[in-house]
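Counting from 29, one number per residue, gives the positions in the sequence shown under the numbering used here.
Quick reminder that beta carbons are idealized off the backbone N, C-alpha and C, glycines included.
On a predicted model such as this, the values are computed, not experimentally measured, just so you know.
Here is the structure we will look at.
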Amino acid sequence: MNKATAVACSNIAFVKYWGKRDEALHLPLNSSLSMALSQATTTTTVAFDPGLAEDEIAIEGQAAPDPARLRVVRHLDRIRQMARVELRARVASRNSFPPDAGIASSASGFAALTLAATRAAGLDLSTRELSCLARLGSGSAARSIPGGFVEWHAGQDHESCCAEQIAAPQHWPELRDIVAVLEREPKSVGSTQGMALAQTSPHLTTRLAVIPGRLERAWQAILDRNLAALGEVSEEEAIELHLIAMSSRPPIYYWRPATLGLIHRVLAWRSEGLEVYFTIDAGPNVHLLCEEKDTGPIVAELEEMPEVQQIIVNAPGFRAHLCPEHLF
Ligand code: DP6
Numbered sequence: 029m030n031k032a033t034a035v036a037c038s039n040i041a042f043v044k045y046w047g048k049r050d051e052a053l054h055l056p057l058n059s060s061l062s063m064a065l066s067q068a069t070t071t072t073t074v075a076f077d078p079g080l081a082e083d084e085i086a087i088e089g090q091a092a093p094d095p096a097r098l099r100v101v102r103h104l105d106r107i108r109q110m111a112r113v114e115l116r117a118r119v120a121s122r123n124s125f126p127p128d129a130g131i132a133s134s135a136s137g138f139a140a141l142t143l144a145a146t147r148a149a150g151l152d153l154s155t156r157e158l159s160c161l162a163r164l165g166s167g168s169a170a171r172s173i174p175g176g177f178v179e180w181h182a183g184q185d186h187e188s189c190c191a192e193q194i195a196a197p198q199h200w201p202e203l204r205d206i207v208a209v210l211e212r213e214p215k216s217v218g219s220t221q222g223m224a225l226a227q228t229s230p231h232l233t234t235r236l237a238v239i240p241g242r243l244e245r246a247w248q249a250i251l252d253r254n255l256a257a258l259g260e261v262s263e264e265e266a267i268e269l270h271l272i273a274m275s276s277r278p279p280i281y282y283w284r285p286a287t288l289g290l291i292h293r294v295l296a297w298r299s300e301g302l303e304v305y306f307t308i309d310a311g312p313n314v315h316l317l318c319e320e321k322d323t324g325p326i327v328a329e330l331e332e333m334p335e336v337q338q339i340i341v342n343a344p345g346f347r348a349h350l351c352p353e354h355l356f
C-alpha cells in the first residue's frame, strides 16, 4: 500500500509540558498527562508517488507555507529513512476545528501524519513506536496517538519517551472540556519558542520539584473520576505554565484581559454551586472542565459573553486510527 489516511484527536493537558531537556528529540523536562479531545480532530492522507519531484503538502486545501511545510517534510524524511523509501509524498490534511480556534493542531496533525505516512510507507508500528515518532514532529503529538486519558512519560531516551493510555474514553465518558475561544489571532509566541525560554525563569526549578506530586494527584483523580481533584491540579498547572511564561526573559504574556475575566467567572460559578474548573494552554483561550450534566448551563452562560467568539464542547476522544476514505 502506498496511500493511507488517518484521523487523530488533539489533546488538552491537565499536567503540562512546558520545557525540553533535548530540543532536537523533543524530550520534555517532565512527564505530562492529558485527555484526547473528541471534537478537535485532524484527518490526513499520505501517498508516496513516483511521479513527484518534491513533497506536495496541502493543509485545508491550500499549499502549506514555510515553516509548516518544512516541519512536515522533515517528518516525512524520518519516515522515509525508517522505511527505506525514496519517493516523495502527496499530503492532504483537514482539521475539524478552525485554524484560529486556539486548539493545537500540531498535536492531532503530527499524530495523524505519523500514522498515515508510516502505513503508506509500508511500516506497521506499535502504539508506543508511533507515539515516539509523532513526538519528533511535535512533543504533544506523542499524547495524541493513544486515546482517552494519557500519560506521556519523560523517559530516559528516545525509545522510552512515549505516551500511554491510563484510562479509556469510556472510563469517564461524562467529562467535558469546553473550549471558550476568546481570540482568533495566532498566538504571540509559539510553544517551541516559548518553551526554549522556560529555562530563564527563576521559578522553573520549583515547578519541576512539584510535578511528580501533581502527576500522582491527577492520575488518581482520573482513576476515581473525581472532578474536584482533577480541576484543582489542572488550575494549579495552568497558572504555573503562565507564571513560568510571564517570568521568562523576555517575558511572554499569553493572557488577554478576557482570559482573566473568564477565570473570575469560573470562580463565581463555582461559588454558586456549578462544578467547573479551568485550564489554559500557551494562548489566551480558556478550557472549562465540567461534567456533561453541567454543560448546558455553562454553554448558556458563555453564549451571553460578547468576548467569547466560539465554543467547542469535547468529550474524551479516541485513539489515532486509519480510515477507509481518503482525502484525494
Ligand atoms: C502549552 O507540543 O506544541 O500545549 O514540542 O515544540 O512542538 P513542540 O511543542 P507543543 O507544546 C504544547 C505545549 C502546551 C502544553 C501541553 O500540551 O502540555
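Using a threshold of 8 Å, is the CB atom of Asn313 nearer than that to any non-hydrogen atom of the ligand DP6?
no
Please report the Cβ distance between Gly13 and Phe42, rounded to the nearest whole angstrom; I am assuming they are in contact, meaning their Cβ atoms lie under 8 Å.
It is not possible to answer for residue 13, since the shown part of the chain is limited to 29 through 356.
Using a Cβ-Cβ cutoff of less than 6 Å, which residues in the same chain neighbour Val178 once the five nearest sequence positions on both sides are dropped?
Ser62, Arg171, Ala191, Gln193
Nearest candidate by alpha-carbon position, reference Ala208, set Arg156, Ser216, Glu331:
The closest CA to that of Ala208, considering only Arg156, Ser216, Glu331, is found on Glu331.
Is DSSP giving Ala237 helix, strand or coil here?
Look at Ala237 here: in three-state DSSP terms it is helix.
Taking the Cβ atom as the reference point for each residue, do Tyr305 and Ser262 lie within a distance shorter than 9 Å?
yes
With hydrogens ignored, establish whether the beta-carbon of Asn342 is closer than 8 Å to any heavy atom of the ligand ATP.
The ligand ATP is not part of the structure shown, which contains the ligand DP6 as its ligands.
When the distance is taken between beta carbons, is Thr70 closer than 9 Å to Ser38?
yes
Whole-angstrom distance between Arg253 and Gln198, CA atom to CA atom:
11 Å
Can you tell me whether Tyr45 is buried or exposed, with buried defined as 16 or more other CB within 10 angstroms of its CB?
Around the C-beta of Tyr45, 16 or more other C-beta atoms lie within 10 Å, and the residue is accordingly described as buried.
In three-state terms, what does DSSP make of Leu161?
helix
Reduced DSSP secondary structure (H/G/I, E/B, other) of His54
coil
Whether Ala343 touches Pro201 by CB criterion (9 Å)
Against a cut-off of 9 Å, the Cβ pair of Pro201 and Ala343 comes out as a contact.
Look at the alpha carbon of Asp205 and the alpha carbon of Ile340, and state the distance between them as a whole number of angstroms.
When rounded, the separation of the alpha-carbon atoms in Asp205 and Ile340 is 8 Å.
Heavy atom of the ligand DP6 within 8 Å of Gly167 beta-carbon
Within the cutoff, so yes.
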